[in-house]
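In this note's numbering, the protein residues as written are 2 to 423. Each residue gets a CB set at the ideal place from its N, CA and C atoms; glycine is no exception. Since the structure is predicted, the reported quantities are computational estimates derived from the model, not experimental observations.
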Ligand SMILES: O=P(O)(O)O[C@@H]1[C@@H](OP(=O)(O)O)[C@H](OP(=O)(O)O)[C@H](O)[C@H](OP(=O)(O)O)[C@H]1OP(=O)(O)O
Ligand SMILES: Nc1ncnc2c1ncn2[C@@H]1O[C@H](COP(=O)(O)OP(=O)(O)OP(=O)(O)O)[C@@H](O)[C@H]1O
């Protein structure tokens, strides 16, 4: 059996983030001082913590499929852990608390006066109905941290970017100058998910041209949607929901005035230019696109459709799908590529002293940028992690296809709805 975690071995508990499928909670180990996160699956229907998560499937995807496409230096190998159901109940209070709040000790979190039971996303009513004693979760390093090997100057800043599909695709019967991401984002904007449409387009971010990449990131800083979050020493400072004006960001990131966010973005683009090409290559496993994928799925016999709806299908089929060109294999490649189209890249950077780098025996990733306000180079230690590598099934396809078609209709109804991508 995997390790059963003892939460009293940890301190400094806080909420790191959530998506539709997971809550991510961070804590620091008393033993080695390393900050880790636990990724707890959500039950999509109730929004509570799932009692039967499929963590082993996510891990098997990483080991057997994803690792063939992305360099292991960008990947986090999670550890499958078990959490006692009572402990999970208390941990599940953390997502209800104010963002950036740190709870010092496990005992504090057990205090029901301070942190009542009704805060929990694993309520007693749900626990009592089941005979489950443990739930599984994935434990991994907290990507908002960089191992401290060199003396640092200032805080650690993390950019979490969801770069989305980086190539333009033609679809049968559709001729529009918009990329997949922008079609879906226009739909989300028009249906009230966002107040404004952004200028960001993944084709710019993946262009490989540092100036165009820079402009794309600046567009996200203005309008993040779900594609950008910025953390300062692990605290969320800028996202769609939590906005910080650029001037405030400059002060927070460079309290000594040595540089501005622009400099960080330049460093970020250098780092991203090493990661995005392999992500793009993996996304291009899809040679058919969403419209053809839906067509193929609809024409498959019911029994095969059922097989594909099982998340373990791609694990059973393995990499053999790469060599075959029958409709089922093409659809399976589409689903595999969907993982790479929906990941987040977490880039953490911290300023380090250039003299120390020269004298340090410890290897470290360093990016060096000429500061616009001085003649010297600013050096940043950095780490890059690709997270949210979750399996996709035809359920995702059906859902996205509906929204994609709605987006196409909105664009066709109003030719000037948004600037074209190509
Ligand atoms: O379809 P898209 O491109 O809007 O992407 C969805 C994401 O929306 P976003 O790009 O952030 O606006 C969406 O992200 P959010 O939860 O909205 O941040 C999910 O990642 C969704 O995947 P899943 O259903 O959780 O497996 C994503 O759906 P699929 O990858 O399943 O299509
Ligand atoms: N290893 C990590 N270190 C630090 N923060 C992380 C880590 N993994 C995830 N997070 C944070 O937790 C958030 C939610 O995680 P994740 O994206 O895996 O959830 P999800 O429900 O699968 O998302 P989606 O709805 O996009 O599929 C991320 O946006 C990120 O801010």
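### Query
Do you know whose CA, among 157, 298, 398 and 308, lies nearest residue 385's CA?
The option with the nearest alpha carbon to residue 385 is 157.
### Query
Say the cut is 7 Å; is the CB of residue 203 nearer than that to a heavy atom of ligand 2?
Result no, Cβ not under 7 Å from ligand 2.
### Backbone secondary structure at residue 34 - three-state DSSP
Assigned with DSSP and collapsed to three states, residue 34 falls in coil, not helix or strand.
### Query
Using a Cβ-Cβ cut-off of 6 Å (strictly less than) and excluding sequence neighbours within five positions of residue 366, which residues of its own chain qualify?
383, listed in sequence order.
### Query
Is it right to say residue 303 is buried, meaning 16 or more other beta carbons lie within 10 angstroms of its own, or is it exposed?
Under a 10 Å Cβ-count criterion, residue 303 is classified as exposed, with fewer than 16 other Cβ atoms of the shown protein chains found around its own Cβ.
### Query
Whose CA, out of 59, 217, 254 and 247, lies closest to the CA of residue 234?
Answer by Cα proximity: 254.
### Task
Could you tell me whether the region 324-342 touches the region 59-72, where touching means 3 or more Cβ pairs closer than 8 Å?
The region 324-342 is in contact with the region 59-72.
### Task
With a threshold of 7 Å, establish whether the CB of residue 48 neighbours any heavy atom of ligand 2.
Within the chosen limit of 7 Å, ligand 2 does not reach the beta carbon of residue 48 with any heavy atom.
### Task
Report the partner residues of residue 348 according to the DSSP bridge assignment.
The partner list for residue 348 (beta bridge, DSSP) reads 160 and 385.
### Query
Using a Cβ-Cβ cut-off of 8 Å (strictly less than) and excluding sequence neighbours within five positions of residue 139, which residues of its own chain qualify?
If you ignore the 5 residues before and after residue 139, its C-beta comes within less than 8 Å of the C-beta of 39, 40, 56, 59, 60, 79, 80, 81 and 82, all in its own chain and listed in chain order.
### Query
Would you report the Cα separation of residue 377 and residue 371, rounded to the nearest angstrom?
When rounded, the distance between both Cα atoms is 6 Å.
### Task
Just tell me which of 9, 390 and 219 has its CA closest to the CA of residue 283.
Of 9, 390 and 219, the smallest CA-CA separation from residue 283 is found for 390.
### Task
Entirely within the region 205-270 and at least 3 residues each: give me those beta strand (DSSP E) ranges in chain order.
Scanning the region 205-270 from its first residue to its last, the whole beta strand (DSSP E) runs of 3-plus residues come out as 229-233 and 236-239.
### Task
Would you tell me roughly how many angstroms separate the C-alpha atoms of residue 417 and residue 183, rounded to the nearest one?
C-alpha separation (whole angstroms): 14 Å.
### Message
Please classify residue 226 as buried or exposed, where buried requires at least 16 other C-beta atoms within 10 Å of its C-beta.
### Response
When all chains shown are included, residue 226 counts as buried.
### Task
Quick one: give me the first and last residue of the beta strand (DSSP E) that residue 106 is part of.
Unbroken beta strand (DSSP E) run through residue 106: 104-106.
### Query
Is residue 334 helix, strand or coil by DSSP?
Here residue 334 sits in helix by DSSP.
### Query
Which first and last residues belong to the alpha helix (DSSP H) in which residue 295 is found?
Unbroken alpha helix (DSSP H) run through residue 295: 290-300.
### Per-residue burial, residue 252 [other beta carbons within 10 Å of its own, 16 or more giving buried]
By the Cβ neighbour-count rule, residue 252 is exposed, with fewer than 16 other Cβ atoms within 10 Å of its own.
### Query
Which residue comes first and which comes last in the alpha helix (DSSP H) that contains residue 183?
Here the alpha helix (DSSP H) through residue 183 covers 181-191.
### Coarse secondary structure for residue 50, derived from DSSP in three states
Residue state, collapsed to three classes: strand.
### Task
Rank 133, 49 and 99 by C-alpha distance to the C-alpha of residue 87 and give the top, closest one.
Just measuring C-alpha positions, the residue of 133, 49 and 99 sitting nearest residue 87 is 133.
### Spatial neighbours of residue 111 in its chain, beta-carbon cut-off 7 Å, leaving aside the 5 residues before and after
Non-local C-beta neighbours of residue 111 in its own chain, meaning closer than 7 Å and more than five positions away in sequence, comprise 91, ordered along the chain.
### Task
Decide if residue 307 is buried, meaning its Cβ has at least 16 other Cβ atoms within 10 Å, or exposed.
Around the beta carbon of residue 307, fewer than 16 other beta carbons sit within 10 angstroms, so the residue counts as exposed.
### Message
In this structure, how does DSSP classify residue 93 when only helix, strand and coil are distinguished?
### Response
Coil.
### Message
Taking 7 Å as the cut-off, is the C-beta of residue 22 nearer than that to any heavy atom in ligand 2?
### Response
At least one heavy atom of ligand 2 is found less than 7 Å from the C-beta of residue 22.
#### Entry: residue 345 beta carbon less than 8 Å from that of residue 222
No. Outside cutoff.
### Query
Considering residue 168, what are the terminal residues of the alpha helix (DSSP H) in which it resides?
Judged by DSSP secondary structure, residue 168 falls outside any alpha helix (DSSP H); it is assigned neither H nor E.
### Query
Cβ of residue 223 within 7 Å of any heavy atom in ligand 2?
Outside the cutoff, so no.
### Task
May I ask you to report which of helix, strand or coil DSSP gives residue 26?
Looking at residue 26 - three-state DSSP - the assignment turns out to be strand.
### Query
Considering only the beta carbon of each residue, do residue 50 and residue 159 sit closer than 8 Å?
The answer is no: Cβ separation not under 8 Å.
### Message
Using a Cβ-based criterion (distance less than 7 Å to any ligand heavy atom), does residue 13 qualify as near ligand 2?
### Response
The beta carbon of residue 13 sits no closer than 7 Å to any heavy atom of ligand 2.
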